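Okay, so here's the structure we're looking at.
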Amino acid sequence: MSRTGGREREDLMLTTEFTVGRPVWVDVGSNDFAASAGFYRSVFGWEHEPLPPEAGGYGFFKKDGKTVAAMGPSMGAAPSWGLYFMTDDAEAAAAAVRDAGGTVREEPMRVFDMGSLAAFADPSGAGFSVWQPGTVKGLDALGDPGALCWTELSTANRDRDKDFYRSLFGWTYFDYPMPDGDGVYTAASTGGENDTHSGLFQPDGTGADVPGQPSGWTVYFATADCDATAEAISSGGGTLLMKPATMEGAGRIALAADPQGAVFAIMANEPTG
23 MSRTGGRERE DLMLTTEFTV GRPVWVDVGS NDFAASAGFY RSVFGWEHEP LPPEAGGYGF
83 FKKDGKTVAA MGPSMGAAPS WGLYFMTDDA EAAAAAVRDA GGTVREEPMR VFDMGSLAAF
143 ADPSGAGFSV WQPGTVKGLD ALGDPGALCW TELSTANRDR DKDFYRSLFG WTYFDYPMPD
203 GDGVYTAAST GGENDTHSGL FQPDGTGADV PGQPSGWTVY FATADCDATA EAISSGGGTL
263 LMKPATMEGA GRIALAADPQ GAVFAIMANE PTG
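Whatever position you read off the sequence shown (first residue = 1), add 22 for our numbering.
The following block contains the structure:
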């Protein structure tokens, strides 16, 4: 789990002003829809809204009438959270991933009239997807309590992955020293230093290749009270992988897994004034 160094709290926030390269969608794979729906209802107040049968079991999570996430069958894989970045051309994105040394896990496919998606892995093996909007532009709420507020890549080679995502999405980067002085935390942006949307960090802090170090994206959901939400996670049958802790410049953070093992994080921003 990272610490975001000198980041200002107002920078650690996503918006629904979607542009290419910004987080636009998240979904969780589940082996038991009823159990997952009950867990996330108890933690975030989400209501599960299934789509018609032709959607293959896929459905939305709603909070205050707004779509904040989605859920689908895990299809034999370990349940996990999936992250999607916006693209204006899924086919071109697949070609760019191959050219930049990534892997195309699922070729671009049309999802009714909603849009098109494709699934990839970056050169370090971290999985992610892209969404080319149709009638569904993206999530209805971001940054609010119970909604996605940040995304973060733990990588085995930060410098290589910075080059990869720069070539794919045009990201620019801002590096900040970690509070303990061990390495840096990198914030990614498509619109300048005051409009960052994702973080990249390497646990050993070197920025060079570390064989055997797993890479992966983590999604963060906002909460007004990190400790209360952490308690709800435990009470609901989830597991706290990192208990609530205050991270300088970001807020109070915890890392958790739902009862089926899908990992996510929660964050309550530092109070102002």
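The beta-carbon is built from N, C-alpha and C at its ideal position, and this holds for glycine as well. Source: prediction; values computed, not measured.
Q: Determine which residues share a DSSP beta bridge with Ile275 and list them.
A: Against the sequence shown, residue 275 aligns to sequence position 253. In the DSSP output, where bridge partners are listed per residue, Ile275 has Ala267, Met289.
Q.
At the level of alpha carbons, what is the spacing between Asp110 and Gly81?
A. Working through the sequence shown from its first residue, we reach residue 110 at position 88. Working through the sequence shown from its first residue, we reach residue 81 at position 59. Answer to the nearest angstrom: the Cα atoms are 24 Å apart.
**Q.** Integer Cβ distance of Gly87 from Asp49, believed to fall under 8 Å
**A.** Counted from its first residue, the sequence shown places residue 87 at position 65. Counted from its first residue, the sequence shown places residue 49 at position 27. Contact doesn't hold; Cβ gap of about 19 Å is too wide.
Q: Classify Ala244 as helix, strand or coil using the three-state DSSP reduction.
A: Taking the first residue of the sequence shown as position 1, residue 244 is located at position 222. Reduced to three states, the DSSP call for Ala244 is strand.
Q) What did DSSP end up calling Ser64 once you bin it into helix, strand or coil? A) Reading the sequence shown from its first residue, position 42 is the one you call residue 64. DSSP places Ser64 in helix when its eight states are reduced to three.
(Q) So, with DSSP's three-state summary, where would you put Ala169? (A) Within the sequence shown, numbered from 1, the residue matching residue 169 stands at position 147. For Ala169, the three-state secondary structure derived from DSSP is coil.
Q: Name the residue from Pro281, Ala284, Gln282, Gly271 whose alpha carbon lies nearest to the alpha carbon of Ala300.
A: Any answer about residue 300 is impossible in this case: the structure gives the chain only from 23 up to 295.
Q) Using 8 Å as the threshold, is the segment 62–79 in touch with the segment 145–163, meaning 3 or more CB pairs across them? A) Judged by pairs of C-beta atoms under 8 Å, the segment 62–79 does not touch the segment 145–163, as fewer than three such pairs exist.
Q | Contact between the segment 128–138 and the segment 89–101 (3+ Cβ pairs under 8 Å) | A | The segment 128–138, when compared against the segment 89–101, does not touch it at the 8 Å Cβ threshold.
**Q.** Cβ-based burial, Asp183 [other Cβ within 10 Å; buried from 16]
**A.** Looking up residue 183 in the sequence shown gives position 161. Its Cβ being crowded by 16 or more others within 10 Å, Asp183 is buried.
Q) Ser211 to Gly147, Cα distance in whole Å? A) Counting from one through the sequence shown, the residue named residue 211 turns up at place 189. Counting from one through the sequence shown, the residue named residue 147 turns up at place 125. Using only the alpha carbons, I get a separation of about 22 Å.
Q. From what residue to what residue does the beta strand (DSSP E) around Glu69 run?
A. For the purposes of this step, residue 69 is taken as residue 47 along the sequence shown, with counting starting at 1. Per DSSP, the continuous beta strand (DSSP E) segment holding Glu69 begins and ends at 69–72.
**Q.** Simplified DSSP assignment, three categories, for Pro75
**A.** Here the question's residue 75 lines up with position 53 in the sequence shown. Helix at Pro75.
(Q) With distance defined between alpha-carbon atoms, name the residue in Asp280, Phe223, Trp239, Pro101 nearest to Thr251. (A) Within the sequence shown, residue 251 is the residue found at index 229, counting from 1. Thr251 has its Cα closest to that of Asp280, out of Asp280, Phe223, Trp239, Pro101.
Q.
Residues in the same chain with beta-carbon distance under 8 Å from Gly214, minus the five sequence neighbours each way, listed in chain order, please.
A. Taking the sequence shown and counting its residues from 1, the one referred to as residue 214 is at position 192. For Gly214, the CB contacts under 8 Å within the same chain, skipping 5 residues up- and downstream, are Thr194 in chain order.
**Q.** Cβ pair Arg180, Gln224 closer than 8 Å
**A.** Within the sequence shown, residue 180 is the residue found at index 158, counting from 1. Within the sequence shown, residue 224 is the residue found at index 202, counting from 1. In this structure, Gln224 lies closer than 8 Å to Arg180 by Cβ.
Q) How would you call Gly156, buried or exposed, if buried means at least 16 neighbouring beta carbons within 10 angstroms? A) Your numbering for residue 156 matches position 134 in the sequence shown. Using a 10 angstroms sphere on the CB of Gly156, the tally of other CB atoms stays under 16, which defines it as exposed.
Q.
Give me the DSSP bridge partner(s) of Leu190.
A. Here residue 190 refers to the residue found at position 168 of the sequence shown. In the DSSP assignment, no residue is bridged to Leu190.
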